[in-house]
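What follows is one structure encoded as structure tokens, with my remarks underneath.
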Amino acid sequence: AFKDLRAKVDEGHLTYPYSTRELVSLVRHFQAHKEDSPAEVLENVFGFDAFDPPLRRVLEETLSAHGLLLEGQASAGKKVDAAGANGQRSPGQMTLQYRGGK
């Protein structure tokens, strides 16, 4: 998902280059608050962007393509099937891979 967010910057759809810093923040939050849902954890990082509706739409579309829903999407009843939007993981799981570089 973060690779796609970086690509959105290169394409001009986003101006802020979400990076390893935000990814580390997500991991730390998951570790410290295991009771929080993935949507709550994602909202912890992306919540400020709710004040910019076009930006929020790009984030929601990009993250949901990977089976990740933000708080507003989850509370609106949007569903991701058991295999995830891309057919690879369930909506309650997050796989983080870091390959270095940009």
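The numbering of the sequence shown is this note's numbering, which starts it at 5 and goes up by one. Beta carbons are placed, not taken as given, at the ideal position from N, Cα and C, and that holds for glycine.
Would residue i pass as a contact of residue j if the rule is Cβ separation under 8 Å?
i	j	result
A11	L67	no
V49	S23	no
E47	E64	no
L18	L59	yes
Excluding the 5 residues preceding and the 5 following residue i in the sequence, name in chain order all residues of the same chain whose CB lies nearer than 8 Å to its CB.
i	result
K82	Any reading at K82 must be qualified, since the residue scores a pLDDT of 48, below 50, and its modelled position is unreliable; the value itself is stated next. Same-chain partners within the cutoff: S68, L73.
A8	With the sequence shown as reference, residue 8 is identified as Asp, and Ala is not the correct amino acid for it. Here the set comprises T66, A69, H70.
Q77	A43, E64, S68
The alpha helix (DSSP H) that contains residue i, what's its start and end?
i	result
S23	Counting along the chain, S23 falls outside any alpha helix (DSSP H), and DSSP gives it neither H nor E.
E39	Premise fails: E39 is in no alpha helix (DSSP H) and is neither H nor E.
L18	It is not in any alpha helix (DSSP H) - L18 carries neither H nor E in the DSSP assignment.
Give me, in chain order, the residues of the same chain whose beta-carbon lies closer than 6 Å to that of residue i; leave out the 5 immediate sequence neighbours on both sides.
i	result
F34	V45
G16	none
A54	R60
I'd like the list of long-range same chain contacts for residue i, defined as Cβ closer than 7 Å, with 5 residues on each side in sequence excluded.
i	result
G91	Because G91 sits at a pLDDT of 44, beneath the cut-off of 50, its placement in the model cannot be relied upon, and the following sentence gives the value as read from the coordinates. Closer than 7 Å at the Cβ level, and outside the excluded window around G91, lies no residue.
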